[in-house]
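This report refers to the structure that appears directly beneath it.
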Amino acid sequence: MKISGSIALVTGANRGIGRQFAQLLLERGSAKVYATARNPESIDIPGVERLRLDITDPASIAAAAAATTDVDLLVNNAGVLTGANLVTGDLDQIRLEMDTHFYGTLGMIRAYAPLLAANGGGAIVNVLSALSWFSYDGANAYSAAKAAEWSLTNGARLELAKQNTLVTGVHLGSADTDMSAAYQGSKVDPADVVRAALDGVEAGRLEVVVDEWSAGVKASLARDPFEFYRASLAS
Ligand SMILES: NC(=O)c1ccc[n+]([C@@H]2O[C@H](COP(=O)([O-])OP(=O)(O)OC[C@H]3O[C@@H](n4cnc5c(N)ncnc54)[C@H](OP(=O)(O)O)[C@@H]3O)[C@@H](O)[C@H]2O)c1
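FYI, the numbering for the sequence shown is 711 to 945, going by this note's numbering.
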């Protein structure tokens, strides 16, 4: 999959990592970039095609797909972090996390799979997280939703291989966006996330692990979970 000449669609392109995707896709030579958002007037990137899209609304997905039949690179970036926990958290918030990360991304993949097939296969990028691989008290609904989205990524990849669609999962720890504003630790530049993701797509990679923290979390899955959660369980 070459970025140059691609026709890309990015969800949540008005800010954060999605805005960087739209911008860098243009810089790397995409022939057209559909920058989508719930409020397209909030998209301020010159040269993109602005489009309204709420990934939790099936009618909105259908309308977007009907208007963008030429897409061959779909970037599922839109996401929310409610801060809800699972056992006592607000169920509506937990459902919003699942509706966005899992069902929203699933809806996009189902709508765009036939278009990608018609356009030669193309690629799908799903923006996942290190939190697909671990839980964190205070963001457990997000972790569950990102884990579901990771599994969706793996399953869709198998199902779409026959139509020659690359499905790339991108995992990162913390990036410097509104979503992580309250987090005090180190954060990667959203532009570096996008560079790694687009390099991964061009290299045909199934998975892009952006930072050392995410790589360490992934490695921990092969060990006894007590090692990873020791400090959290003690507090
Ligand atoms: N920042 C991090 O530390 C971090 C770490 C790991 C993974 N991620 C993932 O990276 C992706 C981008 O996050 P970000 O850091 O750029 O967050 P952000 O700055 O908070 O931006 C989130 C974007 O998603 C959009 N969005 C939310 N719900 C939507 C919906 N139903 N339909 C369409 N768009 C919707 C938002 O649109 P509005 O402006 O309309 O709200 C916004 O454009 C997410 O999938 C997130 O889970 C982020």
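Glycine residues also receive a C-beta, built at the ideal position from the N, C-alpha and C atoms.
Under the rule that a run must span 3 or more residues, the beta strand (DSSP E) segments found entirely inside the stretch 769-848 read 783-786, 833-837. Within its own chain, the residues whose Cβ lies closer than 7 Å to the Cβ of P900, once the five positions on either side in sequence are excluded, are G726, I727, Q730, A885, D886, T887, listed in chain order.
Cβ contact annotation for S942 (same chain, cutoff 7 Å, sequence separation greater than five): D847, in chain order. Bridge pairing for K928: absent [DSSP].
The Cβ atoms of S924 and L882 lie closer than 8 Å to each other. In this structure, the CA atom of G817 is about 15 Å from the CA atom of V837. Exposure of D800 is indicated by the presence of fewer than 16 other C-beta atoms within 10 angstroms of its C-beta. Shown here, V898 sits in a strand according to DSSP, grouped into three states. Check the Cα spacing between D754 and each of L784, D802, S770, G722: the tightest is with G722.
Taking the CA atoms as reference points, N749 sits about 31 Å from W843. Taking 8 Å as the cut-off, the beta carbon of L841 is found no closer than this to the beta carbon of G832.
With a threshold of 7 Å, the Cβ atom of L882 counts as near ligand 1, since some heavy atom of the ligand is closer than that.
The beta-carbon distance between Y822 and A775, rounded to whole angstroms, is 6 Å. This is short enough to meet the 8 Å contact definition. Counting only runs of at least 3 residues, the stretch 717-759 fully encloses the following beta strand (DSSP E) elements, listed from N- to C-terminal order: 717-720, 742-747.
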